[in-house]
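Peer 1:
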């Protein structure tokens, strides 16, 4: 049984999956890149090659820049918020003398719910007039803001809804990290008199760094391309107030049927994600040489 | 002192949990309410509950057939995706080829694709091939977007299986397929279960591709419930009933997989 013979077998094991990925993911990706150089309306006449025109017109269009800005605001704010909330809850659960497991499971429920359904739950909280929050506020005489109809509040509501869904993910992973930590470090720190904030910032965060970076990285990447919550909650509205790169691409491709231009915007989004990914990876490598 | 800390901590966590679960609880209450109770201000906690909307949505509103569609697509995704992913994961865990690392990172990059970018060519291609509104289109796309995840997850389980096991099996005269299928695969059964559950959840929850590729004959639950939406307040009780029903299978499956949740959620990166 030579090593080479095994390697050949491994190649065969890889083949079916590789075929699926190549035909159903990579080929369509290539096709999308190809389409991005054409003026092409779905169901219209044949595609016409226009070089980089889709890209230049997108990049000089204020709607694209607005969608980019919205994306960045929503991604940074919601990932930061869900990390803080997720970490606080994880630490609280960790400090709980007993019952941490049950409480962790209960608080994980928002993350299990089918995304569209979770977004609807949020909608029924924030809906104007009949939503639970408005119902409570008006019955005590407070006039609530127009959560989903006012541009700034709609953005805030989306950030909250995203946090509701993903803070539990952060909690679960960080809670597991805390439990897997070498508990003797914590005891030693406690003996040295480190408590509260010093314990968290000097001992726990450094010890959990790989896990923290992991959840931040994966959430950031996923948040950039997220679609379901915004589609259900605001559909990008009011107007284009909460439109992100993803919902704008959807509108371009499936409402305006400008598939060439939509593909170009998709490619730009992919470029942004890859840029962030390489930036993040090289940043982690530089700071953690050897550690990672 | 210590017990006072614990008391405050418990109080804070209880309050947080209550707020955190309010949206779910509220939807559940709404699903049991007649319109007159659903739109009462101040919101009503006490009312005479009815199950008629739960009954109506699954029988008269056609959600039964959307459930069948969702199950067909999710189960098929599991049945195809897990074996393919397990084989590839095994190969990538055992191979010493120098191409292994680039392939693994390539898969990670694929997982990060903005799915909306794939949605456009998917729709055009499915349209051209006459595959819109077929189970086939949904299943193939779900399997494909699920592959990178399944491969990484399964690989993390295979890496934990000692190489000596393979070698012993080879010495006993097993060929490569037998080593994989008869010796190593049974060891990673928990991994297969986790991969199956997460693949099912992907198929059951997926929205964007289902929205684009499904039609009246293949509409899955997320697409159906999004259409009912919350736009028309007259439908609130009905769509709340549907939403609560849709929530149950993922909830039960996740509770079942609880032990391996962290590992599944982090694609094997964190072994909780």
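Chains as they are written, first to last, in our numbering: chain Y, 62 to 353; chain P, 456 to 727. Using N, Cα and C, we set each Cβ at its ideal position, and we do this for glycine too. Note that this is a predicted model, so its numbers are computed, not measured.
1. Nearest to residue 488 (chain P) by CA position, among P:678, P:505, P:710, is which residue?
2. So with CB distances below 7 Å, who are the chain Y contacts of residue 507 (chain P)?
3. Identify the contact partners of residue 147 (chain Y) in chain P, using a Cβ-Cβ distance below 8 Å as the criterion.
4. Near residue 680 (chain P), what residues of its chain come up, given a Cβ to Cβ distance below 7 Å and the 5 sequence neighbours on each side ignored?
5. Based on the DSSP secondary-structure assignment, which residues constitute the bridge partners of residue 319 (chain Y)?
6. Quick one, which of Y:315, Y:330, Y:316 has its alpha-carbon nearest residue 305 (chain Y)'s?
7. Going by alpha carbons, who is nearest to residue 211 (chain Y) out of Y:143, Y:286, Y:294?
8. For a test of the three-state rule: what should DSSP assign to residue 110 (chain Y), helix, strand or coil?
9. Determine the direct distance from the alpha carbon of residue 296 (chain Y) to that of residue 228 (chain Y), and round the result to whole angstroms.
10. Please look up how many angstroms separate the CB atoms of residue 200 (chain Y) and residue 543 (chain P), rounded, as I've assumed it's under 8 Å.
11. Whose Cβ in chain P lies nearer than 9 Å to the Cβ of residue 224 (chain Y)?
12. Using a Cβ cut-off of 9 Å, pull out every chain P residue sitting near residue 156 (chain Y), in sequence order please.
13. My output table needs one value for residue 208 (chain Y): the three-state DSSP class, helix, strand or coil.
14. For a contact meaning CB atoms closer than 7 Å, what does residue 311 (chain Y) contact in chain P?
15. Give the straight-line distance between the Cα atoms of residue 352 (chain Y) and residue 341 (chain Y), rounded to the nearest whole angstrom.
16. Please list the residues of the region 62 to 77 of chain Y that have a C-beta atom closer than 9 Å to any C-beta atom in chain P, keeping them in chain order.
17. Can you pull the chain Y residues whose beta carbon is under 7 Å from the beta carbon of residue 545 (chain P), in chain order?
18. Grab the span of the alpha helix (DSSP H) containing residue 185 (chain Y) for me, first residue to last.
19. Are the region 538 to 555 of chain P and the region 613 to 620 of chain P in contact at 8 Å, needing three or more beta carbon pairs?
20. Would you say residue 260 (chain Y) and residue 250 (chain Y) are within 7 Å of each other, going by their C-beta atoms?
21. Once the 5 residues before and after residue 502 (chain P) are set aside, which same chain residues still bring their CB inside 7 Å of it?
22. Counting pairs of beta carbons, one from the region 67 to 83 of chain Y and one from the region 281 to 295 of chain Y, are three or more of them closer than 8 Å?
23. Can you list the residues of chain Y that residue 660 (chain P) reaches, using a CB-CB cut of under 7 Å?
24. Between residue 631 (chain P) and chain Y, is any beta-carbon pair separated by less than 7 Å?
25. Contact check, residue 490 (chain P) vs residue 182 (chain Y) under 8 Å by CB: the rounded distance?
26. Please classify residue 308 (chain Y) as buried or exposed, where buried requires at least 16 other C-beta atoms within 10 Å of its C-beta.
27. What does a CB cutoff of less than 6 Å around residue 603 (chain P) pick up in its chain, not counting 5 residues either side in sequence?
28. Grouping DSSP H, G and I as helix and E and B as strand, with all else coil, what is residue 617 (chain P)?
29. Decide if residue 125 (chain Y) is buried, meaning its Cβ has at least 16 other Cβ atoms within 10 Å, or exposed.
30. Specify, as a first and last residue, the run of the alpha helix (DSSP H) that residue 702 (chain P) falls within.
31. For residue 13 (chain Y) versus residue 575 (chain P), is the C-beta spacing smaller than 7 Å?
32. Interface residues of chain P around residue 330 (chain Y) at Cβ under 8 Å?
33. Please classify residue 199 (chain Y): does DSSP put it in a helix, a strand, or coil?
34. Does any CB atom of chain Y fall closer than 7 Å to the CB of residue 608 (chain P)?
35. Can you list, in chain order, the residues of the region 188 to 216 of chain Y whose Cβ is nearer than 7 Å to any Cβ on chain P?
36. Please report the Cβ distance between residue 581 (chain P) and residue 599 (chain P), rounded to the nearest whole angstrom; I am assuming they are in contact, meaning their Cβ atoms lie under 8 Å.
Peer 2: Judging by the given coordinates:
1. Ranking P:678, P:505, P:710 by Cα distance to residue 488 (chain P) puts P:505 first.
2. Listed along chain Y, no residue sits closer than 7 Å to residue 507 (chain P) by beta-carbon distance, the nearest being about 19 Å off.
3. Residues of chain P passing the Cβ test: none, with the nearest at roughly 11 Å.
4. 694, 697, 698, 701.
5. Residue pairing of residue 319 (chain Y) in beta bridges, as defined by DSSP: Y:102.
6. Taking only the C-alpha atoms, the option nearest residue 305 (chain Y) is Y:330.
7. If we check each option's Cα against that of residue 211 (chain Y), Y:294 comes out closest.
8. Reduced to three states, the DSSP call for residue 110 (chain Y) is strand.
9. If I take the Cα positions, the gap works out to 23 Å.
10. Actually they do not touch by this definition, with Cβ atoms about 57 Å apart.
11. Near residue 224 (chain Y) there are no residues of chain P at all, since even the closest Cβ is about 10 Å away, more than 9 Å.
12. Residues of chain P passing the Cβ test: 460, 461, 464.
13. Note: residue 208 (chain Y) maps to coil in three-state DSSP.
14. For the C-beta of residue 311 (chain Y), the chain P residues within less than 7 Å are, from N- to C-terminus, 571.
15. The pLDDT assigned to residue 352 (chain Y) is 43, lower than 50, so where the model puts this residue is not dependable, and the model offers no usable value.
16. Residues passing the 9 Å Cβ filter: 62, 64, 66, 67, 68, 69, 70, 71, 72, 73, 74, 75, 76, 77.
17. The contact set of residue 545 (chain P) on chain Y, defined by CB atoms closer than 7 Å, consists of 74 in chain order.
18. Taken as a continuous stretch (DSSP letters only), the alpha helix (DSSP H) holding residue 185 (chain Y) covers 176 to 187.
19. The region 538 to 555 of chain P vs the region 613 to 620 of chain P: in contact.
20. Going by C-beta atoms, residue 260 (chain Y) is nearer than 7 Å to residue 250 (chain Y).
21. Around residue 502 (chain P): 488, 492.
22. Contact fails: fewer than three Cβ-Cβ distances are below 8 Å.
23. The contacting residues are 175, 176.
24. For residue 631 (chain P), a Cβ of chain Y is located within less than 7 Å of the residue's own Cβ.
25. At roughly 19 Å, the Cβ-Cβ gap does not stay under 8 Å, so residue 490 (chain P) and residue 182 (chain Y) are not in contact.
26. Burial call: buried.
27. Annotation for residue 603 (chain P): 562, 565, 566 place their beta carbon closer than 6 Å to its own, counting only its chain and skipping 5 residues before and after.
28. Look at residue 617 (chain P) here: in three-state DSSP terms it is coil, with no helix or strand label.
29. Taking a 10 Å sphere around the C-beta of residue 125 (chain Y), we find 16 or more other C-beta atoms and assign the residue as buried.
30. Looking at the DSSP string, the run of the alpha helix (DSSP H) that includes residue 702 (chain P) is 691 to 711.
31. This structure does not reach residue 13 (chain Y), given that chain Y is present from 62 up to 353, and the question cannot be answered.
32. What residue 330 (chain Y) touches in chain P: 569, 571, 572.
33. In the structure shown, residue 199 (chain Y) sits in a helix (DSSP, three-state: H, G or I).
34. Closer than 7 Å: no.
35. Cβ contacts with chain P: 188, 191, 193, 196, 197, 199, 200.
36. Contact flag wrong, Cβ pair sits at about 13 Å.
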